[in-house]
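Peer 1: In the order they appear, the protein sequences are chains C and Z.
Numbering-wise, the first sequence is residues 1 to 351 according to the numbering used here.
Numbering-wise, the second sequence is residues 352 to 1057 according to the numbering used here.
Handing you this structure, nothing more for now.
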Amino acid sequence: MAKNAGGVVFERVTKRYGEVTAVDDVSFRVAPSELVTLLGPSGCGKTTTLRMVAGLEPVSSGRIVLGDNDVTRRAANERDVSMVFQSYALFPHMTVLENVCYGPLSTRADKPKARELAHAKLSMLGLTGLEHRLPSELSGGQQQRVAVARSLVLEPAVLLFDEPLSNLDAKLRRRVRQEIRELQQSLSLTVIYVTHDQEEALAVSDHIIVMEGGRIAQQGTPNELYESPATRFLADFIGDANLIDGDLVADSGRAIFCAGGVSAPVRADGLGSGPATLALRPHRLRIVDADEATLSGVCKRAAYLGSRIEYVVTTAWGDLLVFDGEGRTMRPRDEPISLKFDAQAAVVLRR
Amino acid sequence: MNSTALAPAVLAPPLRDRPNMVAASIALAASLIVPWAADGGASALARALAGHWTLWPLMGAVLAALLSASSGRDGATAIASAFGVAWTFGAGFVEGVTGPAFGIGAAIVLTALTVCFARALARQGYFGGDTTVATLVVIIAALLTIFIFFPVGRALLSAVQDAQGRFALSLVTARLFTADIWGVGCLGAGTRCGVAINSALLAIIVGMVSALLGLALALLVQRGGRRYSGVLKLMSLLPIVTPTFVIALAIVVLFGRTGLITGWLDHWIGIPRSRWIYGLPGVALAQLLSFSPIAFMILYGALTAVSPTLEEAAQTLRASRARVFRTVTWPLLRPALANAFLLGFVESLADFANPIVLSGNFEVLSIKTFFAIAGAQHDPGRAAVLASVLLAFTLAAFWLQQRWLGRLSYVTVSGKGDSGIPARLPRGLWLTCFFTALIWISFTFICYAVILVGGFVKDIGRGDMTVSFSHFAAGFGVEWGSRGLFFGGSAWDSFFTTILVAAISAPLTALIGLLAAYVITRHRFAGRRTFEFLTMVSFAIPGTVIGVSYIVAFNVPPLELTGGMAILVLCFVFRNMPVGVRAGVAALAQIDKTLDEASATLRASTLRTLRQIILPLLRPAILVTLVFSFTHAMTAVSAVIFLATAKYNLATVYIVGRVEAGEYPLAIAYSSVLILFMAVVLLLVQKAVGEARLGRRTTNLLVTGH
Ligand SMILES: Nc1ncnc2c1ncn2[C@@H]1O[C@H](COP(=O)(O)OP(=O)(O)O)[C@@H](O)[C@H]1O
Ligand SMILES: [Mg+2]
């Protein structure tokens, strides 16, 4: 399979629909055998980006390179790319086998060869025995596997997924996303994956590109994005975060964040003194004894979720969301709570 | 897995366009060996060598197209082939009667060059770079130009030409602004009105009354529940299988001077026999019976689309039944009513069959146009003026419809909002609807009964009800002759021609219409809106206008088609095509566009997508179009009455001829055969396809002027 694996280069691509700029001067690279996720809120241009890679939308300007070929002006059927559609887009009048054979037959493979390829992919996805069913006779999960098999059968250089889990129920999602990831890793596929669900993105990706309003907000590994978000939007969008506005006082490698009359040491990341925002993950805030506390407040609301207890604590820094993974019993309302966090765990953002 | 891997696909677009080389080669081959002209004989090359010099530039263009296609110079290919086509038509029209009529050779060469042109353009980046789309668009646009816009334009032009073909603008004013077109004497002065005023008056009356009748029945059927669903089925089927003049015939039989009802009235009540039915009352009555089912279908659709929850909401807000109807239901129906009115208006204007039977001294545009060209006067200029007035009226209505109503008018019968119980009608309204519908349906029923019985009695038109099979024997007699079965009846020829023409034109209509719908809905290209407009505007051209246009435009070289069967087929194909377009657009809206896209990302070409994905999924629409254009080809009169000849006669034209000759029984017998034949065809198709999706879908899609 590695023979086909080529990267993708997306270079300064812009897409306009009349007045609307759906994708605005976006550049990124996808290395071979890598799974890259386009993540962002609805309407930020993820689907449009993906469709431009597939050749389903012409670009307004910019360049798209697959492997060694500039494919910017090529039609969809002249690109070595396959796509798994959000709706799966299985041909309703064809059986599973016919659906999966469709690609090879389009490329003029003969029938026995196409069958052989199709059967190989169907058994890889655990669909053996369903060959002669119509798509309408399959469950949602099975339909999705057929869509994946159909795209894989051409062994494309790049495989595209547009929100592949959105039509599955919540339980199934976690399993399917693992399967997709395993498939991608075992076949060394180059994949671009679109989702608006940050947890899904963190779970499957080698690399995440976060988009906002048609532009790239930040890109990096899941870890980088989670631990070092570059902006308020990103800190809030990926995972939960408490955002506190205040001032940073930094000198000679030490940094102190002050807000509401309370100061705490933080990781400076080379930022100078000045107004800043502190992003604190709720589970990085620990409930401690009063004498260790950086910050203290009172319990405003509590919710018991089994794996953790979620508190809203009113403090000098405002109402903070706190996840307590240790505690077994909920604290009552209005009880004082003392909080502490590691300097390394808090991200300071320039305001 | 590597053992089964596909060979790496060659995905880059090829430098040279192989199909175009094939097309250009076909053009060349055809110009070398296929007879160029309609009357056979020599090929283009042979003619050129024999001194027909205007063919040399064409030969040059064909050669140039082939050479540049083979060397991958698409720009040059496009220019050469466009020049070839333009030159050939240009030279053909300049030569006119002195030149040959295009035949099979010309058709092949010109088509192949057009394909070359389209593909080469696409490869230059037009039409989104899609050669299939380009070919479809260019070919369909060319066909529409040749078979709709050229003839209509040509006919309109003859309005400004004198008898010798010279331009005389002053003639227009003389021909156009006369009292027998625009006179308004009937509105008080006691003299006669002009034809335009007559037609407009009739059309307004028919439009309004048919909308109201349709509304009454729609309310009854939609709010009356399952009880009336038989009515629905019947009303959706009848207009499809009934040649329009059938109603007119029945009315003559009932109300004519010697009619059945006239006779009873004379005998029992002493109302003297008269010819009152010939004129506005008769035509209006016949048209109402013919066209109200269309209004009914539109309003039924609209009424079904009104969500019962809206009415329920109003009811829970303490509105009375009358108030619910007045404040919720009625306003929601208004666009559909306007649409029903406009369609009734246009149908009435374009109608030919009812007036020719019933109009008497009450002259209308379609009939007057026909006699201007077919009658003793033979004045194409005058016919053209009348046709353009008619066209102006229908285009105005079409424009209003598009402008005001837009897509509102095509409310489909969808499953949405089916929950909840529709509000009951106010009592007075319900009674009104009930009795209106009762009278109307009984009357329709009587009309059909007259037709069914009429063929089996001696002379129903004069009240002679002795059972007799002589009319069927005369029309449909079959004997054992020396060479087997001999179809001796006088109607057989036209019957077989009709079936043949209908059977040839139906698949062509479906093909062109659905392909046009496909490119309109599925592809974005410069000029798409214009293309869409062109395909739909032929909707608004009355059959009479098309008939006149074909006669005027296609009886001289280079396009000399009159007198043959081809022109009948072409006429049906291009008149019914909009039905295919609409059915296709509606059906394609149901087919998710990602299916096309999935196909494309699986390396399928547009052509493969079309063949493997779109066409199979369009099967219901294909069927609807096939059935519609088949039945419509069997029932239409207005355009083909100009084009049918003694050799290639059509059933409807034959029947109208019998009516004009006063042979009502034969006409009636023949009509009943036609109706039964089509009913059987429809039932068979329905059986084959499953439930009754046919009638309901098609009646919203209609073509003006039977
Ligand atoms: N065909 C189109 N015509 C006009 N605007 C479009 C079209 N497709 C997408 N857009 C606009 O482009 C933006 C990005 O859309 P999309 O890529 O579908 O977002 P996402 O997939 O991230 O939710 C949206 O604002 C949308 O309204
Ligand atoms: Mg999307």
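Built from N, CA and C at the ideal position, the CB exists for glycine as well.
For Z/GLY534, which residues in the same chain have their Cβ closer than 8 Å to its Cβ, ignoring the five residues on either side in sequence?
Peer 2: Counting only Cβ-Cβ distances below 8 Å, and skipping sequence neighbours, we find THR542, ARG543, CYS544, GLY545, ILE548.
Peer 1: Quick one, which residues of the segment 627–640 of chain Z are near chain C if we go by CB-CB under 8 Å, in chain order?
Peer 2: Flagged: no residues at all.
Peer 1: Using a Cβ cut-off of 9 Å (strictly closer), state whether C/SER296 contacts chain Z.
Peer 2: Taking Cβ atoms only, chain Z never reaches closer than 9 Å to C/SER296, which makes this a no.
Peer 1: Check the C-beta distance from C/LEU234 over to C/LEU225 and give it rounded, since I have them as a contact under 8 Å.
Peer 2: Their Cβ separation, rounded to whole angstroms, is 7 Å, which keeps C/LEU234 and C/LEU225 in contact under 8 Å.
Peer 1: Are the C-beta atoms of C/LEU38 and some chain Z residue less than 9 Å apart?
Peer 2: Taking Cβ atoms only, chain Z never reaches closer than 9 Å to C/LEU38, which makes this a no.
Peer 1: I want to check one thing, is the minimum distance from the CB of C/HIS196 to the heavy atoms of ligand 1 below 8 Å?
Peer 2: Yes, the Cβ of C/HIS196 comes within 8 Å of a heavy atom of ligand 1.
Peer 1: If you count every other CB in all the chains shown that lies within 10 Å of the CB of C/SER188, and 16 or more means buried, which is it?
Peer 2: Its Cβ having fewer than 16 others within 10 Å, C/SER188 is exposed.
Peer 1: Using a C-beta to C-beta distance shorter than 8 Å, which residues of chain Z count as neighbours of C/HIS87?
Peer 2: Reading the sequence as shown, one finds Ser at residue 87 of chain C and not His. Here the neighbours are ASP943, THR945.
Peer 1: Strictly by DSSP, which residues pair up with Z/PHE518?
Peer 2: Paired residues: Z/GLN512.
Peer 1: Looking at C/LYS46 and ligand 1, is the gap between the Cβ and the nearest heavy atom below 8 Å?
Peer 2: Yes, Cβ of C/LYS46 sits closer than 8 Å to a heavy atom of ligand 1.
Peer 1: Report the option in Z/VAL808, Z/LEU585, Z/GLY828, Z/GLY812 whose CA atom is closest to the CA atom of Z/SER819.
Peer 2: Closest by alpha carbon: Z/VAL808.
Peer 1: Need the endpoints of the alpha helix (DSSP H) that Z/ASP425 sits in, please.
Peer 2: Per DSSP, Z/ASP425 belongs to the alpha helix (DSSP H) from 425–446.
Peer 1: One question on the structure: do Z/VAL1004 and Z/GLY805 come within less than 9 Å of each other, judged by their Cβ atoms?
Peer 2: Contact: no.
Peer 1: Judging by CA-CA distance, which residue of Z/TRP438, Z/LEU383, Z/ALA656, Z/LEU366 is the nearest neighbour of Z/GLY426?
Peer 2: Minimum Cα distance to Z/GLY426 is reached at Z/LEU366.
Peer 1: Identify whether C/VAL312 lies in helix, strand or coil by the three-state DSSP scheme.
Peer 2: Strand.
Peer 1: Distance cutoff 9 Å, beta carbons only. Does Z/VAL762 sit that close to anything in chain C?
Peer 2: Low confidence applies here, because Z/VAL762 scores a pLDDT of 37, under 50, leaving its location unreliable and the question unanswered by this model.
Peer 1: Is it the case that the Cβ atoms of Z/ALA857 and Z/PHE981 are separated by a distance below 9 Å?
Peer 2: Cβ atoms of Z/ALA857 and Z/PHE981: closer than 9 Å.
Peer 1: Give the residues from the segment 871–901 of chain Z that approach chain C closer than 8 Å (Cβ to any Cβ), ordered along the chain.
Peer 2: Those would be none; no residue qualifies.
Peer 1: With distances taken Cα to Cα, identify the nearest neighbour of Z/LEU961 among Z/TYR869, Z/VAL896, Z/ARG879.
Peer 2: The option with the nearest alpha carbon to Z/LEU961 is Z/TYR869.
Peer 1: Can you look up C/THR107 in the DSSP assignment and give me helix, strand or coil?
Peer 2: Residue state, collapsed to three classes: coil.
Peer 1: When every heavy atom of ligand 4 is checked, does at least one fall within less than 8 Å of the C-beta of C/GLU57?
Peer 2: This structure does not include ligand 4; its bound ligands are ligand 1 and ligand 2.
Peer 1: Please decide whether Z/ASP513 counts as near chain C, where near means a Cβ-Cβ distance under 9 Å.
Peer 2: No, Z/ASP513 lies away from the interface with chain C (no Cβ there is under 9 Å from its Cβ).
Peer 1: State yes or no: is the C-beta of Z/VAL503 within less than 9 Å of the C-beta of Z/ILE455?
Peer 2: No, Cβ-Cβ distance for Z/VAL503 and Z/ILE455 is not below 9 Å.
Peer 1: From the beta carbon of Z/LEU961, is the nearest beta carbon of chain C less than 9 Å away?
Peer 2: Cβ-Cβ to chain C under 9 Å: no for Z/LEU961.
Peer 1: Considering only the beta carbon of each residue, do C/ARG150 and Z/LEU953 sit closer than 9 Å?
Peer 2: Going by C-beta atoms, C/ARG150 is nearer than 9 Å to Z/LEU953.
Peer 1: How about C/ASP334: is its Cβ closer than 8 Å to a heavy atom in ligand 2?
Peer 2: No, Cβ of C/ASP334 sits at least 8 Å from all heavy atoms of ligand 2.
Peer 1: Any residues in the segment 107–130 of chain C with a beta carbon nearer than 7 Å to a beta carbon of chain Z? Which ones, in chain order?
Peer 2: Hits within the stretch, in order: THR107, ALA109, GLU116, LEU117, ALA120.
Peer 1: Smallest Cα separation from Z/VAL888: which of Z/ALA723, Z/THR849, Z/LEU751?
Peer 2: Among Z/ALA723, Z/THR849, Z/LEU751, the Cα nearest to that of Z/VAL888 is on Z/LEU751.
Peer 1: Checking contacts by CB at 9 Å: is Z/ALA393 closer than that to chain C?
Peer 2: Taking Cβ atoms only, chain C never reaches closer than 9 Å to Z/ALA393, which makes this a no.
Peer 1: Using a Cβ-Cβ cutoff of less than 8 Å, which residues in the same chain neighbour C/SER61 once the five nearest sequence positions on both sides are dropped?
Peer 2: Correct list, in chain order: ARG12, VAL13, THR14.
Peer 1: If C/HIS355 sits next to C/VAL36, beta carbons under 8 Å apart, how far is it from one beta carbon to the other, in whole angstroms?
Peer 2: Because chain C spans 1 through 351 in this model, residue 355 of chain C falls outside it and cannot be assessed.
Peer 1: Using a threshold of 8 Å, is the CB atom of C/MET211 nearer than that to any non-hydrogen atom of ligand 1?
Peer 2: Yes; taking the cut-off as 8 Å, the Cβ of C/MET211 has a heavy atom of ligand 1 nearer than that.
Peer 1: Applying a beta-carbon distance threshold of less than 7 Å, which residues of chain C neighbour Z/ARG954?
Peer 2: Residues of chain C passing the Cβ test: ASN77, GLY103, SER106, THR107, LEU154.
Peer 1: Under the DSSP definition of a beta bridge, which residues are partnered with C/VAL8?
Peer 2: C/VAL30, C/LEU66.
Peer 1: In whole angstroms, give me the CA-to-CA distance for Z/ILE1006 and C/ARG73.
Peer 2: Distance between the alpha carbons of Z/ILE1006 and C/ARG73: 60 Å.
Peer 1: With a cut-off of 9 Å, does the C-beta of Z/GLY423 fall near any C-beta of chain C?
Peer 2: Answer no: the Cβ-Cβ gap between Z/GLY423 and chain C never drops below 9 Å.
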